[in-house]
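Everything in the sequence shown is counted per UniProt numbering, starting at 1 for the first residue and increasing by one.
Even for Gly, the Cβ is constructed at its ideal location relative to N, Cα and C.
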Amino acid sequence: MFIVYAFMKKSMLIKKGQAEVLKKYFYNGIINAR
């Protein structure tokens with residue numbers, strides 16, 4: 001049970017990190033478009 005929880009937590013952190021990176025690229029794209 002703990003292993004599953006740890007795996008879920010890890011995958012959530014990875015998804016969160018990807019979202020942050022995508023957001024950064026998205027904002028940079030808006031700034032560059034101006």
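C-alpha distance - residue i paired with residue j, whole-angstrom precision
i: Ala19; j: Tyr25; result: 10 Å
i: Ile3; j: Lys16; result: 20 Å
i: Met12; j: Ile30; result: 27 Å
i: Val21; j: Tyr27; result: 10 Å
i: Ile14; j: Met8; result: 10 Å
i: Lys10; j: Ala33; result: 35 Å
Cβ shell of residue i (< 8 Å), same chain only, five flanking positions each side left out
i: Val23; result: A small fix is needed here, since residue 23 is Lys in this sequence, not Val. None.
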